[in-house]
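So in the numbering used here the end of the sequence shown lands on 1625, straight run, no missing numbers.
The beta-carbon is built from N, C-alpha and C at its ideal position, and this holds for glycine as well.
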Amino acid sequence: MSSTILEADDYALAINPEIGGSLSAFRWRGHDIMRSAVGSGVLDSSCFPLVPFSNRIAGSRFEVGGRTVELVPNHPTAPQEPVLHGFGWTSRWDVVEKSDRHAIIGLEYREGPWPWPFSARAGYALDASGLRASLSIRSLADTPMPAGLGFHPYFPRTSQTVYRGFHHGEWQVDEACLPLGLRSHSQPRDWWGGQPVDTRIVDTVYAGREGHLDIIWPEREVIARISPSDDLDCTVVYVPQGEDYFCVEPVSHATDAINWMPDEGGMRTLAPGEEWTVSMSIEVRGLS
């Protein structure tokens, strides 16, 4: 299976639409900024789109508009997990547009476990300033549809790697990584306090983002700055024990927001035919 390759100035990007609309590489001057794909599955990739929701839905069920929606767990290797990450990552996408520096891939979701049909587009563009990524969803349903969006990138991790992002709150979670309550502060804070990302083994959501997100590799003297759009005001951070990667995921809502916050601050409700677009940019530079 061949990748769609984009190149511009110091940057290179590889897209694998057939594998959940995923990326398989993002490099700057030969450095892996996202981890390069370590296998052929979407969970082995560099990044994949989150649509039409992010993270887990407790019990794979929720109520909306007076109806109960029952979904099917969709993790390929962990059937005990509730449904998660939406359905874009388990679907084949197609190339819609392509040039040397720009590509758009698309998904037409007409039928499946999610009871509302939708179309989605992911756009990627490279130039001298870095990567610009966009993700859009358009409701094809004839009734209001709940929706959430986000990006799920994986980044290389060493004992020195630093992640820095300022947020007002950290969701406390149970053993299944489902929310228990929000620990919040009036002023945004760096929850790692400038220490390496390895010092906190977490899988949770940070709420109320202020500003950009930085990932720093001191030994490579490289910093990547992620600038999400304003409606991606939550950030999932996943730092698994004993692995050489971690995830910093700009998303639009907290885990299980459709059950926790059905009327306030959770997922959006799209009217029939309504479209919504989010974006992020990643700029990379040397530290010296």
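Give me whichever residues DSSP pairs with residue i in a beta bridge.
i: residue 1476; result: 1455
i: residue 1292; result: An answer regarding residue 1292 cannot be provided, because it is not within the stretch 1338 to 1625 covered by the chain.
i: residue 1509; result: 1518
i: residue 1359; result: 1353
i: residue 1487; result: 1387, 1588
i: residue 1424; result: Note: residue 1424 sits in no beta bridge, so no partner.
i: residue 1541; result: 1574
i: residue 1439; result: 1462
i: residue 1493; result: 1582
i: residue 1400; result: 1405
i: residue 1499; result: 1533, 1553
i: residue 1375; result: Paired residue(s): none; residue 1375 is not in a bridge.
i: residue 1393; result: 1421
i: residue 1369; result: 1364
i: residue 1342; result: 1351
Give the straight-line distance between the Cα atoms of residue i and residue j, rounded to the nearest whole angstrom.
i: residue 1340; j: residue 1533; result: 33 Å
i: residue 1396; j: residue 1419; result: 6 Å
i: residue 1426; j: residue 1466; result: 28 Å
i: residue 1434; j: residue 1459; result: 11 Å
i: residue 1494; j: residue 1453; result: 38 Å
i: residue 1556; j: residue 1365; result: 15 Å
i: residue 1526; j: residue 1603; result: 22 Å
i: residue 1666; j: residue 1486; result: Any property of residue 1666 remains undetermined from this structure, which presents the chain solely from 1338 to 1625.
i: residue 1384; j: residue 1524; result: 31 Å
i: residue 1625; j: residue 1605; result: 42 Å
i: residue 1346; j: residue 1568; result: 29 Å
i: residue 1368; j: residue 1522; result: 36 Å
i: residue 1496; j: residue 1404; result: 48 Å
i: residue 1479; j: residue 1609; result: 5 Å
i: residue 1451; j: residue 1412; result: 15 Å
i: residue 1619; j: residue 1436; result: 20 Å
Judging by CA-CA distance, which residue of the options is the nearest neighbour of residue i?
i: residue 1410; options: 1353, 1400, 1423, 1401; result: 1423
i: residue 1357; options: 1369, 1364, 1377, 1344; result: 1377
i: residue 1564; options: 1540, 1469, 1360, 1515; result: 1469
i: residue 1626; options: 1365, 1481, 1412, 1437; result: The chain is shown only over 1338 to 1625; residue 1626 falls outside these bounds and no answer can be derived.
i: residue 1442; options: 1513, 1353, 1382; result: 1353
i: residue 1607; options: 1346, 1431, 1475, 1577; result: 1475
i: residue 1581; options: 1571, 1344, 1355, 1381; result: 1381
i: residue 1445; options: 1438, 1463, 1473; result: 1473
i: residue 1562; options: 1623, 1344, 1451; result: 1623
i: residue 1513; options: 1344, 1394, 1490, 1619; result: 1394
i: residue 1464; options: 1583, 1387, 1613, 1348; result: 1348
i: residue 1579; options: 1560, 1536, 1570, 1598; result: 1536
Residue i and residue j: beta carbons closer than 7 Å?
i: residue 1399; j: residue 1595; result: yes
i: residue 1351; j: residue 1361; result: yes
i: residue 1592; j: residue 1539; result: no
i: residue 1544; j: residue 1506; result: yes
i: residue 1548; j: residue 1503; result: yes
i: residue 1510; j: residue 1566; result: no
i: residue 1588; j: residue 1373; result: no
i: residue 1621; j: residue 1370; result: yes
i: residue 1508; j: residue 1519; result: yes
i: residue 1461; j: residue 1484; result: no
i: residue 1552; j: residue 1492; result: yes
i: residue 1550; j: residue 1585; result: yes
i: residue 1343; j: residue 1438; result: yes
i: residue 1455; j: residue 1477; result: yes
**Message:** I'd like the ranges of any alpha helix (DSSP H) spanning at least 4 consecutive residues and lying wholly in the region 1541-1568.
**Reply:** none
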